[in-house]
């Protein structure tokens, strides 16, 4: 007997196998791939951002170090030992390297050198390069100029006494050689290390600055009713150097010594000078570079004139004694304030009497200076004390700011050039 055993149905229909594990694995692998890509992108982004941040930080470090170098150079120039180069020439400045700062050759060195160039006779220029890590570097170019030697047109270490109806103005002789009150530029600044006094009708067309004594006591402003100060009134400015040119113990003192032995008292064309004395009308003549007269006493009688001929150059008087210009006398009336200066190292008085006139610079930091009624002065007055009587007029010539320069400087501009 034949037995047929069948393990499968004869039907052609196949039942599906319920197994999806392969598809799940594919999806998981795709997700892992996406996560890997996202992670890699994130790492690259963070790394790039870190590099950018690091570069920014190091560039900032380089800039700050360059600024430190600029400050070091300016401080060195301001210490008074810098030799000022002529126009178009340069002078090397050697500065100490501040701790932990890297600029120019400061990395690993105690000092570095910076070249300062006189660009045009007014402005000076130099560059400093600061360094950071990762080869970061920043170069700053700085332009600066010298400050005026005088902060005021009318100043005294002692009292500045401006009597009734005294008027103080400013002008620029390069623009208006013979000014009137309407030409004032409103910079007729007055200053004192002791006291400024004003009375009814006193006019200061500018600022009134209060300095201080050697002991630090601030000057006082003592103005009566009717005093007019058009600018800032009573600003405390700290002690003002009473002798910025060094008439005693400074550069100007050395010139007094030189011209006591060698001077131009007998220069051709000069009249009225007897030895070191002028007594009456006289004529002083200039020469290229300046004629230097050494005078122990200068007296002008009523209506006498001291004529200063600056055709060939400026005229300087080095006074070691008293100056008295009597009623109606004239000094340098037709000349320029820029070409005539009187320097005094004496404590003897300087007096311009009634109706006298003067054009020029009076620099007498230890002498009492007095201008009598209606005496008019154009230029600059710097004295031990100043007393201007009723109705006197003083015009500060702002052009003198470019003639007498301080050893201190002010930064005019700076820029990042790299």
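In this note's numbering, the protein residues as written are 8 to 425.
Glycine included, each C-beta is placed from N, C-alpha and C at the ideal position.
Just to confirm, are residue i and residue j a CB contact at a threshold of 9 Å?
| i | j | result |
| --- | --- | --- |
| residue 278 | residue 265 | no |
| residue 347 | residue 323 | yes |
| residue 394 | residue 364 | no |
| residue 379 | residue 339 | no |
| residue 342 | residue 317 | yes |
| residue 89 | residue 389 | no |
| residue 154 | residue 416 | yes |
| residue 267 | residue 246 | no |
| residue 174 | residue 350 | no |
| residue 345 | residue 410 | yes |
| residue 332 | residue 313 | yes |
| residue 217 | residue 244 | yes |
| residue 403 | residue 112 | no |
| residue 420 | residue 149 | yes |
| residue 369 | residue 386 | yes |
| residue 446 | residue 134 | Outside the displayed range of the chain (8 to 425) lies residue 446, so it cannot be described from this structure. |
| residue 293 | residue 321 | yes |
| residue 397 | residue 171 | yes |
Could you pull out every residue in the same chain whose Cβ sits closer than 8 Å to the Cβ of residue i, ignoring the five residues on either side in sequence?
| i | result |
| --- | --- |
| residue 353 | 326, 327, 328, 329, 371, 373 and 374 |
Under three-state DSSP, which class holds residue i?
| i | result |
| --- | --- |
| residue 184 | coil |
| residue 83 | helix |
| residue 255 | coil |
| residue 71 | helix |
| residue 78 | helix |
| residue 407 | helix |
| residue 64 | helix |
| residue 325 | strand |
| residue 263 | helix |
| residue 424 | coil |
| residue 221 | coil |
| residue 14 | Note that residue 14 has pLDDT 49, beneath the 50 cutoff, so the model's placement of it is unreliable and the number below is only indicative. Looking at residue 14 - three-state DSSP - the assignment turns out to be coil, as it is neither helix nor strand. |
Skipping 5 residues on each side, what residues in its chain have a beta carbon closer than 6 Å to that of residue i?
| i | result |
| --- | --- |
| residue 169 | 205, 209 and 395 |
| residue 311 | 287, 288 and 336 |
| residue 166 | 201, 202 and 392 |
| residue 38 | none |
| residue 98 | 90, 92 and 123 |
| residue 235 | 210 |
| residue 186 | 178 and 402 |
| residue 238 | 213 and 214 |
| residue 399 | 173, 378 and 382 |
Which same chain residues end up closer than 7 Å to residue i when comparing Cβ atoms and leaving out the 5 residues on each side of it in sequence?
| i | result |
| --- | --- |
| residue 109 | 72, 137 and 138 |
| residue 117 | 103 and 104 |
| residue 14 | Only weak support exists for where residue 14 lies, its pLDDT of 49 falling under 50; the coordinates are left without a value. |
Please report the Cβ distance between residue i and residue j, rounded to the nearest whole angstrom; I am assuming they are in contact, meaning their Cβ atoms lie under 8 Å.
| i | j | result |
| --- | --- | --- |
| residue 241 | residue 252 | Between residue 252 and residue 241 the Cβ distance is about 27 Å, and since that is not below 8 Å, they are no contact. |
| residue 125 | residue 96 | 6 Å |
If we define contact as Cβ-Cβ less than 9 Å, is residue i a contact residue for chain D?
| i | result |
| --- | --- |
| residue 171 | No chain D appears in the structure shown, which is made up of a single protein chain. |
Tell me whether the region 63-82 and the region 136-145 touch, counting them as touching only if at least three CB pairs, one residue from each stretch, are closer than 8 Å. yes
So does the region 178-186 actually touch the region 85-104, counting three or more Cβ pairs closer than 8 Å? no
Three or more C-beta pairs closer than 8 Å, one from the region 354-363 and one from the region 250-269: is that the case here? no
With three or more C-beta pairs closer than 8 Å as the rule, is the region 190-200 touching the region 213-220? yes
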